[in-house]
Amino acid sequence: MTASQAATQTGASARPKLAFRPLPVPQVDVRGFWGDRVDAVAARTAGILYDRCVEARMLEQIDPDLPSPGVVIPFHVSDGFTSRTVTTQMFWDSDWGKTIETAAYSLYRRRNADLEKKIDAVIDMYGKLQQEDGYLSSWYQRIQPGLRWTNLRDCHELYCAGHLIEGAVAYFQATGKRKLLDIMSRYADHIADTFGPEPGKRKGYCGHEEIELALVRLARATGNDKYMKLAKYFIDQRGQQPHYFDEEALARGADPKDFHFKTYEYNQSHRPVREQDKVVGHAVRAMYLYSGMADIATEYGDDTLKVALERLWDDLTTKSLYVTGGLGPSADNEGFTNDYDLPNETAYAETCASVGLVFWASRMLGMGPNARYADMMERALYNGSISGLSLDGSLFFYENPLESRGGHHRWKWHRCPCCPPNIGRMVASIGSYFYGLADDALAVHLYGDSTARFEIAGRQVTLVQASNYPWDGAVAIEVGPEAPVAFTLHLRIPAWCRKAALRVNGKLVDLEAATVDGYAAIRREWRQGDKVELDLEMSMARLFANPNVRQDIGRVALARGPLIYCVEETDNGGGLHRIALPREARLEAHKDPNLLGGIVTLSAIGSRAQTENWGADLYRPKPPATTETKLKAVPYFAWDNRDSGEMLVWLREG
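Residues in the sequence shown are numbered from 605 upward in steps of one, following the working numbering.
#1: Using the beta-carbon count (16 or more within 10 Å), is F1263 buried or exposed?
#2: Using only alpha-carbon positions, find the residue among E1216, L762, A1125 that is nearest to F838.
#3: My understanding is that A1189 touches G1165, with C-beta atoms under 8 Å, so please give their C-beta distance in whole angstroms.
#4: In the region 636-683, which residue ranges form an unbroken alpha helix (DSSP H) of at least 4 residues, counting only runs that do not cross its ends?
#5: Helix, strand or coil: which one does DSSP assign to V1015?
#6: What are the boundary residues of the beta strand (DSSP E) that F1058 is part of?
#7: On the criterion of 16 or more Cβ atoms from any shown chain inside 10 Å, does G1028 qualify as buried, or is it exposed?
#8: May I ask you to report which of helix, strand or coil DSSP gives C956?
#9: Counting pairs of beta carbons, one from the region 949-965 and one from the region 1094-1104, are three or more of them closer than 8 Å?
#10: Where does F1000 sit, in a helix, a strand or coil, going by DSSP?
#11: Tell me whether G1158 is buried or exposed, calling it buried when 16 or more other Cβ atoms sit within 10 Å of its Cβ.
#12: Could you tell me how far apart the beta carbons of P1074 and Y977 are, in whole angstroms, since I believe they sit closer than 8 Å?
#13: Nearest to G811 by alpha carbon, out of Q841, I900, G1010, Y831?
#14: Contact defined as beta carbons within less than 8 Å: I believe S742 pairs with Q844. What is the distance between those atoms, to the nearest angstrom?
#15: Do the region 878-886 and the region 905-921 touch if we need at least three Cβ pairs shorter than 8 Å?
#16: Roughly how many whole angstroms lie between the Cα atoms of S994 and F1000?
#17: With contact counted as at least three CB pairs below 8 Å, one residue from each stretch, are the region 666-674 and the region 722-739 in contact?
#18: State yes or no: is the C-beta of P933 within less than 8 Å of the C-beta of T941?
#19: Looking only at DSSP bridge pairs, what is A1124 linked to?
#20: For the alpha helix (DSSP H) that contains A1193, what are its first and last residues?
#21: Buried or exposed for E705, please, with buried defined as at least 16 other CB atoms from any protein chain shown within 10 angstroms of its CB.
#22: Can you find a heavy atom of the ligand ZN that lies under 7 Å from the Cβ of K721?
#23: Quick check on DSSP: helix, strand or coil for I1034?
#24: Report the residue from A646, G1178, T649, I747 whose alpha carbon sits nearest the alpha carbon of F695.
#25: Need the endpoints of the beta strand (DSSP E) that E1137 sits in, please.
#26: Taking the CB atoms as reference points, tell me whether G771 and G701 lie closer together than 8 Å.
#27: State buried or exposed for Y1240, treating a residue as buried only when at least 16 other CB atoms are found within 10 Å of its CB.
#28: Give every residue of the same chain whose Cβ lies closer than 7 Å to the Cβ of K830, excluding the five residues on either side of it in the sequence, and list them in chain order.
#29: Taking the alpha helix (DSSP H) that G550 belongs to, which residues open and close that run?
#30: Terminal residues of the continuous alpha helix (DSSP H) containing I704?
#31: With distance defined between alpha-carbon atoms, name the residue in E852, E903, D758, G804 nearest to L817.
#32: Starting from D728, trace the alpha helix (DSSP H) both ways and give me its first and last residue.
#33: With distances taken Cα to Cα, identify the nearest neighbour of K1226 among N1217, T1233, L785.
#34: Give every residue of the same chain whose Cβ lies closer than 6 Å to the Cβ of P1088, excluding the five residues on either side of it in the sequence, and list them in chain order.
#35: Along the chain, where does the alpha helix (DSSP H) containing R976 start, and where does it finish?
#36: In angstroms, rounded to a whole number, what distance separates the CA positions of A725 and V1031?
Pasting the structure below:
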């Protein structure tokens, strides 16, 4: 037995005492910045997701009362849709799962009888479709019957199950309806009977990770530890020898080496997970794998997984991450290439990948408050992920470049519509990322107007945040326990903040003494009306890339607090590449309540290289003349919500 195999057999069976779990969405109400975005998803995005799924013929595939649609080729829809002739039917169940999850949290936020009726009908179809043994896959039941569990490497079977499970948990939590939860519990039981270390069971796992996260959520929602053990099995088994995907290919008469990317790095099964030390392959798959690993590390107190995750985290954040929290520069593999390869104009930076980074970072916080993870969760949330959704909730980015010549815009739908419901469900459930609850502690990971309700030490507690974050760093917290109760309140002090002050009931707290891993810990007996005031200086900053990032050498990015900024043609005129920002230029912040829903802009005096009087020469021995120009920058998440035009994150210094 290898060291890695031995490690998979370790781990406690019960949750460690210091583990932190997110509060369920119904226990957190958000207002302000995130409240506006949740409202946009509830009012528009959730319904759009359903309508677009129907228009793409997804409803036909799951309805057992209709003839099978067969393989839908060509896949072409007009009126703002992309038009490549491909089919993504094998993972349409996952799109329904994420759409149900988005609808669930939207219904909790804003009741919508019409949407609820439509989702209930979809759930009824899945109930009719489910087979006697619990199996449920519209692709393998309606399009390719008889081939279930024959190609886990390529065909997303368990991935689809995972997203439907997550949708089921969300719908139950938000509406109290458990029909889909019961359906998916039966399917999870079938999966547990099919896969596992026991004799006679398949030793496989999915080529596209996701089932692991879903099973953890199902275990937490139902209290059934069988699902948690199955999630752990899928994590432990990945990459073990003999390699399951090789054996699976041989069993169906295929050459194990004959597949699209010809390397198991693509789906992170090239090594057992505890031996992996480099972030490789498809970016979304990687983020989902590491999220599942973090969940299992938290639930089982598994330090062998934690050590591997810390190695992988360091590799990503020091070599392969965009300043926006985007990741995966290559369209070819939708993922990673070489260290420091971070092109701006051609950046793939899939919305789903940044959402996946939010998932991973939030789950690392399950092992205890640590600002290195919460800061990155915040960076990805406010920049690389929500850029994928227009401010009104109607249009979507798949790719999120850091530079555009004016041709990159959000679209109505996509041939591979994974991103719209992914960003939808994340935004709709944002309250669950704000707080983490342990047996005798609450961690505040994100700041902003919100109310949290939780039980600690047998007492019901309400915690209310009041803040205009991220535009202002003043945070007022009122703690309201039903009776006095002792617990530790952990408050994140962001790394971007140069100066912070903390008071409890007006008394100044020594932040240096109270702060561990970027969180100030306040241990006390809390009483009704106790007040905490946290003042975070909303610092402006120039950011510079590692000199090994060749695309950004000699360039500078602008930030204020958690937000990364960009310049757009609509504010600065065309030819953004000709603008330079001197290092000594003074940055100014301006509140603009009438722009892009109410934002803070940044401005500075820079220079612009002139094309006038240059003539027809391509090259000259003298540089072009420059003129002074005032540049205006807006938050990156809000770009492409106005007139079409160029966009640039990394400005030339000069």
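Glycine included, each C-beta is placed from N, C-alpha and C at the ideal position.
This one's a predicted model, so the numbers in the text were calculated from it and none came from an experiment.
If we stick to the structure as given:
#1: Nothing can be reported for residue 1263: it is not among the residues displayed for the chain, which extend from 605 to 1258.
#2: L762
#3: No, A1189 and G1165 are not in contact; Cβ-Cβ is about 20 Å, not under 8 Å.
#4: The DSSP assignment places complete alpha helix (DSSP H) segments of no fewer than 4 residues inside the region 636-683 at 636-644, 650-659, 662-666, in order along the chain.
#5: A small correction: the amino acid at residue 1015 is Trp; Val does not occupy that position in the sequence shown. W1015: strand per DSSP, three-state reduction.
#6: 1054-1060
#7: buried
#8: helix
#9: no
#10: In the three-state reduction of the DSSP assignment, F1000 falls in the strand class, which pools E and B.
#11: exposed
#12: 18 Å between Cβ atoms; not a contact.
#13: The shortest C-alpha separation from G811 is found at Q841.
#14: That pair is no contact at about 30 Å.
#15: Contact holds: three or more Cβ-Cβ distances are below 8 Å.
#16: Distance from the CA of S994 to the CA of F1000, rounded to the nearest whole angstrom, comes to 6 Å.
#17: yes
#18: With contacts defined as CB atoms closer than 8 Å, P933 and T941 qualify as a contacting pair.
#19: L1095, T1119
#20: Run containing A1193: none in the alpha helix (DSSP H); it sits in the beta strand (DSSP E), 1192-1196.
#21: Classification for E705: buried.
#22: Among the components modelled here there is no ligand, and therefore nothing to report on the ligand ZN.
#23: coil
#24: I747
#25: 1134-1140
#26: Annotated as proximal: G771 and G701, with beta-carbon spacing under 8 Å.
#27: buried
#28: A796
#29: Residue 550 is absent from the structure shown; the chain starts at 605 and stops at 1258.
#30: 696-713
#31: E903
#32: Counted as a single uninterrupted DSSP element, the alpha helix (DSSP H) harbouring D728 occupies residues 717-733.
#33: N1217
#34: E1129, R1131
#35: Unbroken alpha helix (DSSP H) run through R976: 975-983.
#36: 24 Å
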